[in-house]
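Peer 1: Just so we're on the same page, this note's numbering is the position in the sequence shown counted from 1, plus 1. All C-beta atoms, glycine included, are put in the ideal place defined by N, C-alpha and C. The structure displayed is predicted, hence computed values, not measured ones.
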Amino acid sequence: MRILITTGAVLFYVALLSGKVSLGFPSLNVFILMGYQVFHPLASYLVAKRLMKTRHPTETKYVSASYQVFGFVMCMVAALVFYVFGIWMKQDHEPAYWMVQMLGSGVAVFGLVGFLLEDIKGRNREVIIEEEG
Numbered sequence: 002m003r004i005l006i007t008t009g010a011v012l013f014y015v016a017l018l019s020g021k022v023s024l025g026f027p028s029l030n031v032f033i034l035m036g037y038q039v040f041h042p043l044a045s046y047l048v049a050k051r052l053m054k055t056r057h058p059t060e061t062k063y064v065s066a067s068y069q070v071f072g073f074v075m076c077m078v079a080a081l082v083f084y085v086f087g088i089w090m091k092q093d094h095e096p097a098y099w100m101v102q103m104l105g106s107g108v109a110v111f112g113l114v115g116f117l118l119e120d121i122k123g124r125n126r127e128v129i130i131e132e133e134g
């Protein structure tokens, strides 16, 4: 059941990006959206590669199930903030309101996917140690 909901959420996001579902947004240029979808992972890769060069010490830390659920709830709160901010922008006749709402829907979908596809249970996870000084 979780895989079906996750697949549905991802397909809904793709339908939003492709313009098949508009939710009242203006029609979008698919090539600009595709350029964004190519740029975003490429930029993330380059940033991650840069961060990997600066090695930080790590330690194993226990992460509880409640902390994982808290992360999901905070992801949904962030999505709601983006969406409400987009509504506020639309009332002020700001033309880019839909971009903010799309960011919110993307945060919601990725938070939902991570929540549904990962077993929610306490586990040990490797984390970066914060250096003091």
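My output table needs one value for V15: the three-state DSSP class, helix, strand or coil.
Peer 2: On the sequence shown, residue 15 is found 14 positions in, with the first residue counted as 1. Helix, per DSSP.
Peer 1: For V108, does the count of other Cβ atoms within 10 angstroms reach 16, so buried, or fall short, so exposed?
Peer 2: For this step, residue 108 is matched to residue 107 along the sequence shown. By the 10 Å Cβ count, V108 comes out buried.
Peer 1: Could you round the C-beta distance between F112 and A66 to whole angstroms and report it? I think they count as a contact, below 8 Å.
Peer 2: For the purposes of this step, residue 112 is taken as the residue at position 111 of the sequence shown. For the purposes of this step, residue 66 is taken as the residue at position 65 of the sequence shown. According to the sequence as given, residue 112 is Gly; it is not Phe. About 16 Å separates the two Cβ atoms, so there is no contact after all.
Peer 1: Can you tell me whether M103 is buried or exposed? The criterion is at least 16 other CB atoms within 10 Å of its CB, across all chains shown.
Peer 2: As a position in the sequence shown, residue 103 is number 102, starting the count at 1. It counts as buried.
Peer 1: Using a Cβ-Cβ cut-off of 6 Å (strictly less than) and excluding sequence neighbours within five positions of I4, which residues of its own chain qualify?
Peer 2: Here the question's residue 4 lines up with position 3 in the sequence shown. Correct list: empty, nothing qualifies.
Peer 1: Less than 8 Å between the beta carbons of V70 and G87, yes or no?
Peer 2: Your numbering for residue 70 matches position 69 in the sequence shown. Your numbering for residue 87 matches position 86 in the sequence shown. Not in contact: V70 and G87 (Cβ atoms no closer than 8 Å).
Peer 1: V82 and A10 - do their beta-carbons sit closer together than 8 Å?
Peer 2: The residue given as residue 10 occupies position 9 in the sequence shown. The residue given as residue 82 occupies position 81 in the sequence shown. No, the pair does not count as a contact, with Cβ atoms beyond the cut-off.
Peer 1: Once DSSP output is grouped into helix, strand and coil, what is the label at K62?
Peer 2: By 1-based counting over the sequence shown, the position of residue 62 is 61. If DSSP states are grouped into helix, strand and coil, K62 belongs with the strands.
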